[in-house]
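Here the structure is laid out as structure tokens; the discussion comes afterwards.
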Amino acid sequence: MVDIGQDEVLTGEAVALDVQPTGFFLRALGAFIDVVVAAGLAILFLLSMMWWGGAGLDPAVVPILAIAMVVVVTVVIPTVVETATRGRSLGKLAVGGRIVRSDGGAAGFRQALIRALVGVLEIWMTAGAVAAVTGAFTPRSQRLGDLMAGTYGERTRAPRLVAVDPVVPPALAAWAEVADVAPLSDRLGRRLGQFVRQAEQLQPAARARVARELAAEAAASVSPVPEADPELFVRAVVAVRFRRELAAVTLRDARAAALLGD
């Protein structure tokens with residue numbers, strides 16, 4: 020059974036992907052930009068109708084054109100834009116996000132159409148109130164249209180990770196030479212690595228708490244478990260795991276190069 024976290028999605032091949040959903044405020048800002056652009060297009064359309072009306076446009080045609088304008092601005096244009104750009108509208112580009120399916124795949128025409136149709140209710144008819152309430156109480160800030168279309172907002176501008184070369188703390192150098200570290204789950208391995216990279220940015224209390232939790236989880240795969248500070252233990256486990264996996268990859272590459280040489 021695959022262990023899926025809140026920020027992970029399970030693909031059709033049963034592969035868990037670690038993703039970063041677009042936050043509530045970024046999604047709200049992106050939607051606001053899209054609404055402003057759409058409103059600008061509607062104003063241009065109305066000005067054009069006024070000009071045509073002064074030029075002798077039949078008054079009976081005006082309501083038809085107005086309805087057509089509303090449909091084009093609120094449904095047709097959003098659907099075409101999201102379909103053509105694979106979930107990226109002007110507002111989403113501005114905030115560094117895009118719309119994807121719940122399994123992590125690119126959203127298509129069906130998802131874009133459902134989102135646009137539902138958006139008429141939750142964004143235009145309620146001034147965004149329904150979308151705001153729904154987004155505030157869903158784990159991935161999904162609005163009602165996302166829930167019905169099976170989509171969510173994914174961040175495309177993830178912060179660049181700092182390259183880290185894990186080093187065994189000197190106090191655990193002797194332990195590292197004899198330690199038996201069993202294979203860790205992919206999720207736990209990622210969490211350990213993220214903690215080592217980001218520990219300096221955490222508040223002391225949160226840093227100590229997370230270190231204790233990770234050390235307790237990692238201890239189940241380590242023998243013997245040293246009597247050491249939880250953070251030192253976590254750093255040592257990451258360093259040992261990194262060193263051994265690097266050695267295995269290096270040996271594999273060397274063997275492959277030798278076979279190709281033969």
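Going by my numbering, the letters in the sequence shown line up with residues 20 to 281, in that order.
Backbone N, C-alpha and C fix where the C-beta goes; we use that ideal spot for every residue, glycine too.
query	result
Short Cβ contact (8 Å threshold) for T41 with R162	no
A192 versus P249, A227, A255, residue with shortest Cα-Cα distance	A255
Three-state secondary structure assigned by DSSP to R120	strand
Cβ distance (whole Å) where A239 is taken to contact V187 below 8 Å	About 20 Å; that fails the 8 Å criterion.
Endpoints, the beta strand (DSSP E) within which T3 is located	There is no way to answer for residue 3, as the model of the chain reaches only from 20 to 281.
For D205, the nearest candidate out of A237, G49, P245, A168 (CA to CA)	A237
With 16 other Cβ atoms within 10 Å as the buried cut-off, status of L203	buried
Short Cβ contact (8 Å threshold) for D53 with L109	yes
Three-state class that DSSP yields for D199 in the structure shown	strand
Segment contact, 8 Å Cβ cut-off, at least three pairs: the segment 95-111 with the segment 140-150	no
Whole-angstrom distance between E232 and Q213, CA atom to CA atom	14 Å
Every unbroken alpha helix (DSSP H) inside the segment 59-119 [4 residues or more]	81-90, 96-103, 109-114
CB contact flag (T102, F128, <8 Å)	yes
Identified DSSP bridge partners for V241	V200
Exposure label - G164; buried when at least 16 CB within 10 Å	buried
P189 - DSSP class collapsed to helix/strand/coil	helix
Start-to-end residues for the alpha helix (DSSP H) that takes in Q213	205-217
Reduced DSSP secondary structure (H/G/I, E/B, other) of P300	A query on residue 300 cannot be resolved here, the shown segment of the chain reaching from 20 to 281 and no further.
Spatial distance of R271 from A224 (CA atoms)	42 Å
L48 to V114 span [Cα, whole Å]	7 Å
Sub-8 Å separation of A218 and R228 beta-carbons	no
Strand pairing of A125, partner residues [DSSP]	V119
Collapsed DSSP secondary structure at L221 in the structure displayed	coil
Buried/exposed call for S160, threshold 16 Cβ in 10 Å	buried
Neighbour-count burial assignment, W194, 16 or more Cβ in a 10 Å radius	buried
Spatially closest choice to A190 from A168, D248, I118, M167, by CA coordinates	D248
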